[in-house]
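K.L.:
Numbering (my numbering), first residue to last: 479 to 613. Glycine is no exception: its CB is placed at the ideal position from the N, C-alpha and C atoms.
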Amino acid sequence: MRQIKLSNPGGLKNLQLVQSPKPSPGEGQILIKVFASSLNYHDLLVALGRIPTQDGRVLLSDCAGAIEEVGHGVTKWQAGDQVISCCYPNWIDGEPRAENLSFIGDNEDGYSTEYIVISQDSVTRMPSGWSMAEA
């Protein structure tokens with residue numbers, strides 16, 4: 479599968495299109511085929527190196543896609559469900575705390591990829607009637 483990765487220290491010249499193996503979901507995880515993603519200001523700051531991240535990070539914090547496979551213990555989703563990313567995937571409810579406010583695409587690999595494995599809690603259902611691009 480294809481992914482866009484950022485080499486440190488950042489900068490648009492340090493974006494690389496690479497081939498990587500397609501991942502498989504583990505316990506409580508889902509495999510999403512990414513159909514659409516978007517670039518927001520946060521993503522630009524990561525790409526430019528103004529928000530630090532690990533070398534080789536897969537960028538982008540927003541996507542729409544379809545679940546291709548579910549891992550053991552997944553109860554919320556099934557293959558074929560259409561989903562969109564959540565801005566703060568670790569903040570499910572309650573008061574915001576620093577440890578819950580990390581973004582996908584800087585603290586963990588993001589959606590500039592054809593497939594991603596992620597926690598079943600990191601996405602929400604795509605509104606019916608929306609295209610992948612609209613979502």
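Please go through the same chain and pick out, in chain order, the residues whose beta-carbon is closer than 7 Å to the beta-carbon of L537, but skip the five residues on each side of it.
P.N.:
Numbered from its first residue, the sequence shown carries residue 537 at position 59. Closer than 7 Å at Cβ, skipping near neighbours: I482, L484, D521, V524, A525, G583, G588 and S590.
K.L.:
How long is the line joining the alpha carbons of D571 and M604, rounded to whole angstroms?
P.N.:
As a position in the sequence shown, residue 571 is number 93, starting the count at 1. As a position in the sequence shown, residue 604 is number 126, starting the count at 1. Roughly 19 Å between the two C-alpha positions.
K.L.:
DSSP on A576, reduced to helix/strand/coil?
P.N.:
Counting from one through the sequence shown, the residue named residue 576 turns up at place 98. Helix, per DSSP.
K.L.:
T614: buried (16+ other C-beta within 10 angstroms of its C-beta) or exposed?
P.N.:
The requested residue 614 is not part of the displayed model; the chain covers only 479 to 613.
K.L.:
So which of G504, N486, A611 and P499 has the shortest CA-CA distance to S563?
P.N.:
Residue numbering aside, residue 563 sits at position 85 when the sequence shown is read from its first letter. Nearest option by C-alpha distance: A611.
K.L.:
Taking the alpha helix (DSSP H) that L522 falls in, what are its first and last residues?
P.N.:
As a working mapping, residue 522 is identified with position 44 in the sequence shown. L522 -> alpha helix (DSSP H) spans Y519 to A525.
K.L.:
Go through its chain and collect everything with a Cβ distance to A613's Cβ below 6 Å, but skip five positions before and after it.
P.N.:
The residue labelled residue 613 in the question sits at position 135 within the sequence shown. Result list for A613: A542, I562 and M604, in chain order.
K.L.:
For V593, which residues does DSSP report across the bridge?
P.N.:
As a first step, residue 593 must be located in the sequence shown, where it is residue number 115. Per the sequence shown, residue 593 should be read as Tyr rather than Val. Paired residue(s): K511.
K.L.:
What residues match up with L538 in a beta bridge as DSSP calls it?
P.N.:
On the sequence shown, residue 538 is found 60 positions in, with the first residue counted as 1. The partner list for L538 (beta bridge, DSSP) is empty, contrary to what the question assumes.
K.L.:
Across which residues does DSSP place K483 in a beta bridge pair?
P.N.:
For the purposes of this step, residue 483 is identified with residue 5 of the sequence shown, where counting begins at 1. Q494 and V536, per the DSSP bridge assignment.
K.L.:
S563 by DSSP, collapsed to three states: which one?
P.N.:
As a first step, residue 563 is located in the sequence shown; it is residue number 85 there, counting from the start. If DSSP states are grouped into helix, strand and coil, S563 belongs with the strands.
K.L.:
Rounded to the nearest angstrom, how far is the Cβ of G551 from that of G506, given a contact under 8 Å?
P.N.:
For the purposes of this step, residue 551 is taken as residue 73 along the sequence shown, with counting starting at 1. For the purposes of this step, residue 506 is taken as residue 28 along the sequence shown, with counting starting at 1. With 8 Å as the limit, G551 and G506 qualify as a contact, their Cβ atoms being about 5 Å apart.
K.L.:
Are P501 and L509 touching if we call contact CB-CB under 9 Å?
P.N.:
Within the sequence shown, the letter at position 23 stands for residue 501. Within the sequence shown, the letter at position 31 stands for residue 509. Closer than 9 Å, so yes.
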